[in-house]
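Novice: Dropping a structure here in structure tokens format, bear with me for questions.
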Amino acid sequence: MSPNPTKPLETNIAGDNEERIKRFLATASHDLQSPLRHIAMYAELLLDDLEEALEDEQLQSLRMIIEKAQAAQRLTKALMSLAGGAPQVTPELVDLTALAEKIWSELIEETGARDATLASQRLPSIRTDPTLFGLVLRQLISNALTYRSSSPPHVAMTAEREGASWLIRISDNGMGIDPAYRERIFDPFWKLPNAGAASGAGLGLTTAQELLKALGGDISLEHSDESGSRFIIRLPAG
């Protein structure tokens, strides 16, 4: 029996794509570190110089700038470590409800989707890296708000223990994913043909998948039709 000639080609393509992802993440994350560091530094200088003269609301805004810049620095460092092949995983006990609501409020502020709703009550606390898992959660929620249907966006998040794993499901009432494209949504640099003006490099779900691998987990599309989509994340318990 003759060998399958397409197998080496598929392997080479996958390897090339992985290298492209790593180069992209490494370059983008590295280039962001310096401006983020300067934003935080100058905001801290302003806070030191003007703290006595500013009103409470202005002080709160400056502190928020510092907090967001420092958070972005942590995220870019995490992506750089992922691109380097040795992601720095720092597990701790994470309140999933608090994490989801924090990311939700940030995304609503950024997108202006004031009509959107989130159901994430009574979720457990799990042991994982909050920075890396937060990036995954942010990507899925952001997609739900971006690829919305004509109805106000609604996102639901549930979690249940199954043996040695946590199963975390995130569902939305968006436009759904055409069956023809469901095998490609985790491919690097690929975007839905009907994405319209949605921005991005087509690496969101790819990066989420890689981050979850670093955490010992995985992600898959569990269901999608015209009523919306549901993703399932598996993370190790304990």
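Under the numbering used here, the first residue of the sequence shown carries the number 894, and numbering increases by one thereafter.
Backbone N, C-alpha and C define an ideal beta-carbon position, used for all residues, glycine too.
1) Give a yes or no on contact between the segment 989–1000 and the segment 1072–1079, applying the rule of three or more CB pairs nearer than 8 Å.
2) Express the C-alpha separation of A1057 and S1122 in angstroms, rounding to a whole number.
3) Can you name the residues that DSSP bridges to S1018?
4) Per DSSP, what are the beta-bridge partners of W1059 in this structure?
5) Ignore the nearest five residues each way along the sequence and tell me which others in I1063's own chain have a CB closer than 6 Å to its CB.
6) Between which residues of its own chain and T1004 is the CB-CB distance below 7 Å, once the five residues before and five after are set aside?
7) Check the DSSP bridge columns for T1010 and list the partner residues they point to.
8) Give the DSSP-derived three-state secondary structure of L1096 in the structure shown.
9) Under 8 Å, do G1109 and P1129 count as touching if we go by C-beta distance?
10) Please classify A1012: is it buried, with 16 or more other beta-carbons within 10 angstroms of its beta-carbon, or exposed?
11) Classify R1007: buried if its beta carbon has 16 or more other beta carbons within 10 angstroms, exposed otherwise.
12) Check each candidate in R1054, D1080, L992 and S1042 and name the one with the smallest Cα separation from V1029.
13) Could you check the C-alpha separation between G1131 and R1015 for me, to the nearest Å?
Specialist: This is what the structure gives:
1) no
2) 26 Å
3) D988
4) R1054 and L1128
5) L1033, M1050 and F1124
6) L1038
7) H1047
8) coil
9) yes
10) exposed
11) exposed
12) L992
13) 19 Å
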